[in-house]
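Scroll down for the structure; my scribbles are underneath it.
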Ligand SMILES: C[S@@+](CC[C@H](N)C(=O)[O-])C[C@H]1O[C@@H](n2cnc3c(N)ncnc32)[C@H](O)[C@@H]1O
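Numbering (my numbering), first residue to last: 1 to 267.
This is the structure in structure tokens:
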């Protein structure tokens, strides 16, 4: 799981043509595919590359590279967030994507570990052969491929994953961290305990932290010492139980909501 450099001229990258950038990335992807377990997944989190005001959606370019290396796309997840720069010559960008690929058809997928609450968990079928039975899965529902950011995710049935900005609990000196929570969803769904997770562009270690926190093993590769050092400190803080992070949201049930919103007590 990773968020590669986007070639947008951040302090850790030298902006080059999209062709050069993708050629360099393909060399790395080739190796990632080689070491990927047959049940394993690659999650590639990207936004847009902008050149002279023109938008190049990186996932569109990356898709062909992964496909040419034999991987199969399982989801193109939209990670939506509420804040960001305001554009004046186009609509403001408010989402990035995660391309989730697998190597084979027998991949690990633990849906139950990432279900979100159904809107009406107490609703029952009122006719037909299932009459009287609960119509939704009491463990919650599939979170879908849109991971949106709103504060009232319980009511809106969507995942609340803010991007990491100045006032976020996880913010470090890195200019484009992603949230630990975003990675946790992927790690929990796509790996088992004691599996290995690799981030080839580890930054300040968000992937590593999300993995260790959930009893997975992790390897992070990062070329900038300053970010690597912060990442190592964060791992130490995690082990001491003092790492600042936004917890994986287990929505809190509001008892003032309608009767249909109450979680049924199972026999
Ligand atoms: C988008 S950031 C990843 C941030 C990370 N997801 C986090 O939450 O901290 C990309 C990172 O890749 C690193 N990087 C770029 N090229 C690299 C390379 N060839 N090898 C290792 N790291 C590299 C950059 O220094 C940067 O920290």
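A virtual CB, placed ideally from N, CA and C, is assigned to each residue, including glycine.
Query	Result
Nearest-angstrom beta carbon gap, residue 65 and residue 26 [assumed within contact, 8 Å]	5 Å
Burial state of residue 129 (16 or more Cβ within 10 Å)	exposed
Cβ-Cβ separation, residue 98 to residue 79 (assumed contact under 8 Å), whole Å	6 Å
Residue range of the beta strand (DSSP E) that includes residue 78	72-80
Contact belief for residue 204 with residue 227 at Cβ below 8 Å, rounded distance in angstroms	5 Å
Residue 189 vs residue 111 beta-carbon contact at 8 Å	yes
Simplified DSSP state of residue 233, which is helix, strand or coil	helix
Sequence-distant residues of its chain with Cβ nearer than 7 Å to residue 212 (five each side left out)	218, 235, 238
Secondary structure of residue 105, DSSP reduced to three states	coil
Cβ-based burial, residue 302 [other Cβ within 10 Å; buried from 16]	There is no way to answer for residue 302, as the model of the chain reaches only from 1 to 267.
Contact under 8 Å by Cβ, residue 195 with residue 1	no
Proximal residues to residue 53 (C-beta, below 6 Å), its chain only, five neighbours per side dropped	none
Local Cβ density within 10 Å of residue 133, reported as buried at 16 or more and exposed below that	exposed
Bridge-paired residues (DSSP) for residue 2	44
Residues that DSSP places opposite residue 57 in a beta bridge	48
Helix, strand or coil at residue 224 according to DSSP, with G and I counted as helix	coil
C-alpha distance - residue 215 paired with residue 127, whole-angstrom precision	44 Å
As assigned by DSSP and simplified to three states, the class of residue 242	coil
Any non-hydrogen atom of ligand 1 closer than 7 Å to residue 121 Cβ	no
Alpha-carbon to alpha-carbon, residue 113 and residue 138	13 Å
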